[in-house]
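Residue numbers (mature numbering (1 follows the signal peptide of the UniProt record, and there is no 0)): -22 to -1, 1 to 418. Beta carbons: idealized from backbone N, C-alpha and C, even for Gly. See below for the structure under consideration.
Given below as structure tokens:
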């Protein structure tokens, strides 16, 4: 005991110089770097959330297709996300954000590969008013991949794998970044005053237009429309579809919140929290609107409509999630839910087969959300919003339609009738998602 009492003071004396040095070492970053650090961190975290939406789309589609086609949807979604990552690096990022390097001013961006800053920002003068290139690239890539995910669900259960993936290459490498540059890259639509905060038009309607063009050229599934009647084709797993919807709902906080683009002031942080709240209540409004409306119209609640109603609410608020109050955001989302309930049977009446309801959710609610900006943002012009919707829609639909037609002519885009009946899992991939439940 005596020895311990003697050694403790000695140990304390030895440690004092070290403690003093630790207190003197100031590792607090300079004030001009703090905003850069927080905004970079925001892009990384919100980018993770948007990436999680890829899982949401995958689960939603896996639940809404038949058992015999589930593996195909899983394969398409992992492949399209990977293709988007490579194409956005190789060409899409600088095509979308050319800076001063426009190939055609305000119309066509720069053709070069994305590049990040040096390790540790060594020997470079970095713009500390924004965020790191790596974080910005990562965040924006997720929006590109989302656009491709939208197309996958509409064309499910009858499209060949490789023609679809070729389309994704062009969509993520050229179609999406070119039209996105017109607004978010500082192109001619941005100069005209077009407002689309997080992409009701730039992301969601683009995916919807590409899906619509594909559905028209591909045609409906066998047996969907017969003798003037619509034959319901039920999905394989509604719990999975519901899980997918909740994952998408969660990911949307990153989608809209990160689009604030800055987290360097108290005002920006407050706005991000406001965006989160509005995003959430718009989804709730869409879900409740679909819940009530299907009960009134069909005397029973339709879960798939409720799920798509929530997603339509999210798409509707995406063009302007900041300026509305909670009440207005709820109503904007509710209109999206109403659109879905009426648009799904309308598409069936005109024999456009959309397996998961992506066209009503992403295209029609996307158009509504872009128009709704004028209701809460005094800087928005209805004429400019409509003009931009038409420009983006015409470009995407025409280019997508031409590409789908070329693919159909050159290599065929639809599986044979026999393969469609047997299921794409075995015909295209040779494996099943649920082999223990197979009839064989």
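Below 8 Å CB to CB, which residues in the same chain sit around residue i once its five sequence neighbours on both sides are set aside?
i	result
residue 245	none
residue 106	10, 11, 13 and 14
residue 102	95 and 96
residue 379	191, 194 and 195
residue 352	358, 359, 360 and 363
residue 278	272
residue 308	259, 260, 262 and 263
residue 418	Residue confidence is low: residue 418 scores 46 on pLDDT, short of 50, so the model does not pin down where it sits. Its coordinate-derived value is still stated next. There are no such residues.
With DSSP as the reference, please indicate the residues paired to residue i in a beta bridge.
i	result
residue 154	DSSP output for residue 154 lists no bridge partner at all.
residue 204	207
residue 86	82
residue 44	According to DSSP, residue 44 bridges with nothing at all.
residue 392	137
Under DSSP, the alpha helix (DSSP H) around residue i begins and ends at which residues?
i	result
residue 386	360 to 388
residue 247	244 to 276
residue 400	395 to 400
residue 130	111 to 132
residue 324	304 to 327
residue 93	No alpha helix (DSSP H) holds residue 93; DSSP gives it neither H nor E.
residue 181	Segment: none, residue 181 is in no alpha helix (DSSP H) and carries neither H nor E.
residue 173	Residue 173 -> no alpha helix (DSSP H), and no H or E assigned at all.
residue 289	281 to 296
residue 239	Looking at the DSSP string, residue 239 is not in any alpha helix (DSSP H), and its letter there is neither H nor E.
residue 98	Careful: residue 98 lies outside any alpha helix (DSSP H) and carries neither H nor E.
residue 347	343 to 354
residue 71	71 to 74
Would you call the CB atoms of residue i and residue j closer than 8 Å?
i	j	result
residue 318	residue 335	yes
residue 74	residue 147	no
residue 40	residue 218	yes
residue 119	residue 63	yes
residue 348	residue 363	yes
residue 28	residue 121	yes
residue 322	residue 283	yes
residue 135	residue 341	no
residue 200	residue 395	yes
residue 49	residue 411	yes
residue 181	residue 157	no
residue 253	residue 31	no
residue 188	residue 149	yes
residue 355	residue 304	no
residue 339	residue 258	no
residue 84	residue 166	yes
residue 346	residue 314	yes
residue 89	residue 25	no
Considering only residues of the same chain and omitting the five flanking positions on each side of residue i, which have a CB-CB separation below 7 Å?
i	result
residue 16	241 and 242
residue 249	238 and 300
residue 316	267 and 271
residue 405	393 and 397
residue 137	196, 391 and 392
residue 114	21
residue 357	173
residue 324	none
residue 214	41, 43, 44, 45 and 48
residue 333	42, 43, 131, 132, 134 and 135
residue 281	216
residue 177	121 and 296
residue 59	32 and 123
Excluding the 5 residues flanking residue i on each side, which residues of the same chain have their C-beta closer than 6 Å to its C-beta?
i	result
residue 192	133 and 382
residue 155	70, 73 and 74
residue 473	In the structure as shown, the chain begins at -22 and stops at 418. Residue 473 is therefore absent and cannot be evaluated.
residue 190	337
residue -20	Bear in mind that a pLDDT of 47 at residue -20, under 50, signals an unreliable position, so the number given afterwards is only what the model happens to contain. Contacts found: none.
residue 168	161
residue 366	167 and 172
Does the beta carbon of residue i fall short of 7 Å from some heavy atom of the ligand COA?
i	result
residue 263	Among the components of this structure there are no ligands whatsoever, and the ligand COA is therefore not found.
- Is the region 115 to 127 touching the region 45 to 58, taking contact as three or more C-beta pairs under 8 Å? yes
- Message: Would the region 105 to 113 count as touching the region 86 to 94 if we require 3 or more Cβ pairs under 8 Å?
- Response: yes
- Task: Report yes or no: do the region 259 to 271 and the region 291 to 305 share at least 3 C-beta pairs separated by less than 8 Å?
- Result: yes
- Task: Inspect the CB distances between the region 155 to 164 and the region 316 to 331 and report whether three or more fall short of 8 Å.
- Result: Per the Cβ contact rule, the region 155 to 164 is not in contact with the region 316 to 331 (fewer than 3 Cβ pairs under 8 Å).
- Task: Flag this pair as touching only if the region 166 to 183 and the region 219 to 229 have three or more C-beta atom pairs under 8 Å; answer yes or no.
- Result: Taking 8 Å as the limit for Cβ pairs, the verdict is that the region 219 to 229 does not touch the region 166 to 183.
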